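Every letter in the sequence shown is one number past the one before it in the UniProt record's numbering, and letter 62, counting from 1, is 62. Heads up, the beta-carbon is just placed ideally off N, CA and C, and yes, glycines get one too. Since the model is a prediction, treat every value here as computed from it, not as a measurement. A short write-up of the structure that comes next.
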Amino acid sequence: MADEPLLILDVDETLIYASAHTLEHTPQATVGPYFVHERPGLSDFLNLVQRSYKLAVWSSSTADYLEAIISATAISESSLEFVWSRSRCTPRFDPEYQSQYYLKDLKKVKRLGYSLDHLLIVEDTPQKVQRNYGNAVYVQPFYGDPNDHALEKLGAYLVSIKETANFRSVEKRGWETRFSGRSL
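Set out below in structure tokens:
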């Protein structure tokens with residue numbers, strides 16, 4: 001298991017946008033009081049990256065909410081190595097904003113036998129992966145824009161680096177600029 005690359009995906013504002021308010025276009029699903037919009041190209045993205053990576057989901061949302069989102073969207077739990085929710089995060093306090101946030105510490109994934117050299121996490125909030133920035137691929141938050149093309153570009157980028165011996169040695173900051181016109 002240790003030498004197979006693992007791609008961990010955040011959910012809210014990365015793969016989907018859930019809001020208690022309707023947008024101008026029809027949501028793909030409703031979960032409780034939330035209208036759920038999949039980021040455009042989600043199914044194609046997942047089909048593409050699962051050919052190169054083992055996939056997992058790690059969200060700072062509650063387990064019940066995450067389970068409902070996965071059931072209602074193109075994310076297939078059967079193709080995932082694991083699905084982790086807030087209970088696997090480490091709570092932290094941000095003194096500047098006087099609020100709590102949840103940290104995703106990849107040492108917990110390492111304990112499962114995955115090497116940090118062969119592991120990437122896609123996240124829209126850098127603070128949540130601050131201990132493992134060398135493994136992070138940051139995306140702009142998704143707020144329901146039907147013209148968003150981030151997953152198409154992200155898929156091309158991830159496929160382009162899949163053979164890298166150590167993902168932490170790859171400069172991932174600015175990947176969107178380097179791949180602005182490329183897709184698969």
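- DSSP places Phe35 in the uninterrupted beta strand (DSSP E) bounded by Tyr34 to Glu38.
- Runs of the beta strand (DSSP E) spanning 3 or more residues and lying entirely within the region 80 to 147 occur at 80 to 84, 90 to 94, 99 to 103, 119 to 123 and 136 to 138, in chain order.
- Around the beta-carbon of Thr26, fewer than 16 other beta-carbon atoms lie within 10 Å, marking it exposed.
- In the DSSP assignment, Leu42 falls outside any beta strand (DSSP E) and lies within the alpha helix (DSSP H) extending over Leu42 to Val49.
- Here the alpha carbon of Asn147 sits roughly 33 Å from the alpha carbon of Ser87.
- Nearest to Glu171 by alpha-carbon distance, out of Val36, Leu66 and Gly134, is Gly134.
- With respect to Val137, Val159 sits apart: the two C-beta atoms are not nearer than 7 Å.
- Looking at Ser79, Val129 and Gln140, the one whose alpha-carbon comes closest to that of Ser52 is Ser79.
- Closest in C-alpha terms to His37, from the list Asp44, Ser19, Val49 and Phe45, comes Ser19.
- The three-state secondary structure of Leu154, taken from DSSP, is helix.
- Under DSSP, Asp12 shares a beta bridge with Ile16.
- Judged by their CB atoms, Ala56 and Glu81 are nearer to each other than the 7 Å cut-off.
- Contact check for Cys89 and Leu103: beta-carbon distance about 6 Å, within the 8 Å limit, so the pair qualifies.
- In the three-state scheme derived from DSSP, where H, G and I count as helix and E and B as strand, Val170 is classed as coil.
- Under the DSSP definition of a beta bridge, Trp58 partners with Trp84.
- The way I'd put it, the region 8 to 24 doesn't touch the region 90 to 98; fewer than three beta-carbon pairs between them come closer than 8 Å.
- Within the same chain, Cβ atoms closer than 7 Å to the Cβ of Phe179 are found at Lys153, Ala156 and Tyr157, the five residues on either side in sequence being excluded.
- For Glu13, the CB contacts under 8 Å within the same chain, skipping 5 residues up- and downstream, are Asp124, Thr125, Pro141, Phe142 and Tyr143 in chain order.
- If you ignore the 5 residues before and after Trp58, its C-beta comes within less than 6 Å of the C-beta of Ile8, Trp84 and Lys104, all in its own chain and listed in chain order.
- Around the beta carbon of Arg39, 16 or more other beta carbons lie within 10 angstroms, which makes this residue buried.
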